[in-house]
Structure formats: C-alpha cells, structure tokens
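Here the structure comes first, spelled out in structure tokens, and everything after it is commentary.
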Amino acid sequence: MEYKFHHIHIRCQDLEASIDYYKKMFDGVVIEQVEVRGMTIARMKVGGENIFLSPKFGEAEVEPTTGNPRWGAYQLAFGVNDLESAVSDLENKGAKLENLRPNGLPLAFFSGPDGVQIELVGK
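Position in the sequence shown (first residue = 1) + 34 = the numbering used here.
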C-alpha cells in the first residue's frame, strides 16, 4: 500500500493572522476558503503542499493538551489510490476507524497517537 502526503490541518487562534503568517513567511497562497459547519477553512499552498487552517469549532474549549481540542496541528492526511484497501490495511495493523465516507466523500478518519487524527483521502 502506498501512502502519499496530502495535507496538514492546523487549528488557529486567529485565522487571518495565520493566513498572513504563511503568506509572509513562505509565500503561501490561499487557494480557497470554504464554510464547513459554520466554520471557515482556508486551504493554502505552502512549499507546494496543502495546509488547511481553521479556528476552533463552535464554542469548544481549546486546551494545549492531548485528548481535547487544542491549538496547532491536529490532523495528518495521506492520499491513497484505493480507499477501501487502505482502510483495510490500517485496520489490520490495529488502527481504530472513526468515520468512513462522511457525506459520501472518499475519506476515512482514524484515531492517531497523541490525539492527532489520521485522514485517508481516496481518489
């Protein structure tokens, strides 16, 4: 099974300040901003890779500890050619599946170490 890096998603205290930082420091470019469940998510290209930025969701309290929502990176995503085979592969290795094909999308989410969510993005 081949896994390729797809994106990192960073939860930000100040979305616009974070966008400005990646633009300034790394010549990042905002590719799109979308509204998902009342939350703005910005997708940027930084160093040729996707970085997603978003604020906290709703009224969630954010702490810098494992197990609770927190500022900083919370998800690593890998692009795969065959989502079902990749899901099976990770489950066979002991990964805990959280959600498969939400809203019919070719996505799968797993619980990762230290509270980091692992996402598989199918083609």
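Even glycine gets a Cβ: it sits at the ideal position worked out from N, Cα and C.
This one's a predicted model, so the numbers in the text were calculated from it and none came from an experiment.
Discussion item. Please list the terminal residues of the continuous beta strand (DSSP E) segment that includes Lys130.
Written reply: Lys130 to Leu134
Worksheet item: Helix, strand or coil for Asn102 per DSSP?
Response: coil
Fill in: Within 8 Å, strictly: CB atoms of Arg45 and Gly106
yes
Fill in: Close beta carbons around Tyr56, own chain, < 6 Å, minus the five adjacent residues each side
Short of 6 Å from the beta carbon of Tyr56, and not among the five residues preceding or following it, lie these beta carbons of its own chain, in chain order: Gly62, Met78 and Val80.
Fill in: Residue-level contact to chain D via CB, Lys130, 8 Å cutoff
Included in the structure is just one protein chain, with no chain D present.
Worksheet item: Would you call Leu139 buried or exposed, if buried means 16 or more other Cβ atoms sit within 10 Å of its Cβ?
Response: Result: exposed.
Worksheet item: Less than 8 Å separating the beta-carbons of His43 and Gln109?
Response: yes
Fill in: Cα-Cα separation between Gly146 and Lys58, rounded to whole angstroms
Near 31 Å, if we compare the C-alpha coordinates of Lys58 and Gly146.
Practice prompt. Have a look at Glu50, Leu124 and Glu132 and flag the residue whose alpha-carbon is nearest the alpha-carbon of Phe86.
Written response: Glu50
Fill in: For Glu118, the three-state DSSP class (helix, strand or coil)
helix
Worksheet item: Val121: buried (16+ other C-beta within 10 angstroms of its C-beta) or exposed?
Response: Burial check for Val121: the Cβ neighbour count within 10 Å reaches 16 or more, so the residue is buried.
Worksheet item: Which residue comes first and which comes last in the alpha helix (DSSP H) that contains Met78?
Response: Careful: Met78 lies outside any alpha helix (DSSP H), inside the beta strand (DSSP E) at Met73 to Val80.
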